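Those letters in the sequence shown? Residues -7 to 140, by our numbering. Don't be surprised by glycine CBs; every beta carbon is placed ideally from N, CA and C. For clarity, every value in this text was computed on a predicted model and none was experimentally measured.
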Amino acid sequence: MDNRTILLVEDNPDDVALTIRALRKSTLVHDLVVANDGQEALQYLSGSGEFAGQGRSTMPRIVLLDLKLPTVSGIETLEKIRANWRTRFLPVVIFTSSREEQDIAASYALGANSFIRKPVDFAEFIEMIKCVGAYWLDYTEPPPQGSI
């Protein structure tokens, strides 16, 4: 079975709703899991905390990670994802409104696969989600499960 799960790590409910709406409009077939902060995302990926005992055998296909998060920041979350042998090859796309060069540099230095600024215009947002989804869910070959 083809895993098409997207893990969205986003604390802003408006951005979560906008992303869900854009994914629906883009007609991507997917399962979306939303983590409200970096700590929740790391618990989901490790199957701990509120996600303990869920028996997930596969990782999400892609992580869309905001940078400005409470508890554990996006940069810290990315660093921990890359430090863990189970998640080190998991595709992580920074999905943020940040325009700070140090955020871009830090994201790539820590192994982000891509850095995307969220468009303000909804039509552009839908198109961007469609392109990101097509690229990561349809065109790229994910790492073998044994390697993540």
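- Assignment of PHE87 by DSSP, reduced to helix, strand and coil, places it in the strand class.
- When DSSP states are grouped into helix, strand and coil, ALA101 belongs to the helix group.
- The residues LEU37, MET51, ILE73 and ILE140, in chain order, have a CB closer than 7 Å to that of THR79 in the same chain once the five nearest residues on each side in sequence are set aside.
- Distance check between ILE118 and each of ARG(-4), GLU2 and ALA9 places ALA9 closest, using alpha-carbon atoms only.
- About 6 Å separates the Cβ atoms of THR69 and ALA33, confirming a contact at the 8 Å cut-off.
- For the pair ILE108 and PHE87, the CB atoms are nearer than the 8 Å cut-off.
- In the displayed model, ALA44 falls within coil according to three-state DSSP, outside both helix and strand.
- For the options GLU71, ALA27, ARG53 and PHE114, the alpha carbon positioned closest to that of TYR100 is the one of GLU71.
- By the Cβ rule, the region 55 to 64 counts as touching the region -6 to 5, because three or more pairs are nearer than 8 Å.
- In this structure ASP113 is exposed. Its beta-carbon is surrounded by fewer than 16 other beta-carbon atoms within 10 angstroms.
- Within the model, the alpha-carbon separation for TRP77 versus SER18 is close to 33 Å.
- In this structure, THR(-3) keeps its C-beta atom at 8 Å or more from the C-beta atom of VAL26.
- ARG53 counts as buried, since at least 16 other C-beta atoms from the protein chains shown sit within 10 angstroms of its C-beta.
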